[in-house]
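Chemist:
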Ligand SMILES: [Zn+2]
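Numbering (the numbering used here), first residue to last: 8 to 157.
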């Protein structure tokens with residue numbers, strides 16, 4: 008089994024120093040996807056990882072954690088009510104909103120240095136949810152695009 012807590016702490020320390028507050032990592036079943044994040048109060052965050060991931064390659068796990076930490080980094084300024092509004096828009100109201108959130112989150116993770124890991128995830132994403140995320144080709148294109156900038 009992977010040590011999600013230690014990995015999260017290492018990735019956060021190295022690449023997400025801007026994140027403030029607590030992050031709890033929980034291993035549990037989810038309705039969709041293989042990992043998820045929930046911010047309850049501005050500085051109280053939970054990352055969920057499904058038990059199935061226990062045997063996944065480390066690169067894949069790192070990619071998922073970097074993606075979830077990117078969500079937390081992006082959502083840091085939300086208060087409780089804004090977070091509720093966010094969850095409502097994400098899950099119920101707007102597919103476009105969800106897609107935009109996931110794409111911007113993948114892009115942040117790539118800018119943070121996790122191109123290879125995000126690429127790996129994009130290659131193996133289940134078709135049912137893949138419409139919300141960057142394809143592996145888009146991940147590569149985005150990486151090449153930001154690499155060129157000084
Ligand atoms: Zn996400």
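In this text, a Cβ means the ideal position worked out from N, Cα and C, and glycines have one as well.
It should be emphasised that the depicted structure is a prediction, and the values quoted were computed from it without experimental measurement.
From what residue to what residue does the alpha helix (DSSP H) around residue 27 run?
Modeler: In the chain shown, residue 27 corresponds to position 20, counting from 1. Neither: residue 27 is in no alpha helix (DSSP H) and is coded neither H nor E.
Chemist: Just grab the DSSP bridge partners of residue 53 for me.
Modeler: As a working note, residue 53 is residue 46 in the chain shown. According to DSSP, which records beta bridges pairwise, residue 53 is partnered with 31 and 45.
Chemist: Tell me whether residue 131, by its Cβ, gets closer than 7 Å to a heavy atom of ligand 2.
Modeler: In the structure on display, ligand 2 does not appear, and the ligands it does have are ligand 1.
Chemist: Specify which residues have a beta carbon nearer than 6 Å to any heavy atom of ligand 1, listing them in chain order.
Modeler: Any residue whose Cβ sits closer than 6 Å to a heavy atom of ligand 1 makes the list: 74, 78, 109 and 112.
Chemist: First and last residue of the alpha helix (DSSP H) that includes residue 36?
Modeler: Position 29 of the chain shown, counted from the start, is the residue given in the question as residue 36. It is not in any alpha helix (DSSP H) - residue 36 carries neither H nor E in the DSSP assignment.
Chemist: Taking the alpha-carbon positions, what's the residue 107 to residue 10 distance?
Modeler: For the purposes of this step, residue 107 is taken as the residue at position 100 of the chain shown. For the purposes of this step, residue 10 is taken as the residue at position 3 of the chain shown. Near 30 Å, if we compare the C-alpha coordinates of residue 10 and residue 107.
Chemist: Between the Cα of residue 43 and the Cα atoms of 71, 16 and 26, which residue gives the shortest distance?
Modeler: Numbered from its first residue, the chain shown carries residue 43 at position 36. Looking at the Cα atoms, 71 is the closest of the given residues.
Chemist: Measuring only the C-alpha atoms, how far is residue 97 from residue 103?
Modeler: Taking the first residue of the chain shown as 1, we reach residue 97 at position 90. Taking the first residue of the chain shown as 1, we reach residue 103 at position 96. Their Cα atoms are separated by approximately 9 Å.
Chemist: Taking 8 Å as the threshold, find out whether the segment 82 to 99 comes into contact with the segment 132 to 145 through three or more Cβ pairs.
Modeler: With a cut-off of 8 Å, the segment 132 to 145 and the segment 82 to 99 do not count as touching, because too few Cβ pairs lie within range.
Chemist: Out of 45, 67 and 153, which has the shortest C-alpha to C-alpha gap to residue 124?
Modeler: Taking the chain shown and counting its residues from 1, the one referred to as residue 124 is at position 117. The shortest C-alpha separation from residue 124 is found at 67.
Chemist: With respect to the alpha helix (DSSP H) encompassing residue 16, which residues constitute its N-terminal and C-terminal limits?
Modeler: For the purposes of this step, residue 16 is taken as the residue at position 9 of the chain shown. Here the alpha helix (DSSP H) through residue 16 covers 11 to 22.
Chemist: Which same chain residues, not among the five before or five after residue 47, have their C-beta less than 8 Å away from its C-beta?
Modeler: Here residue 47 refers to the residue found at position 40 of the chain shown. Closer than 8 Å at the Cβ level, and outside the excluded window around residue 47, lie 53, 87 and 90.
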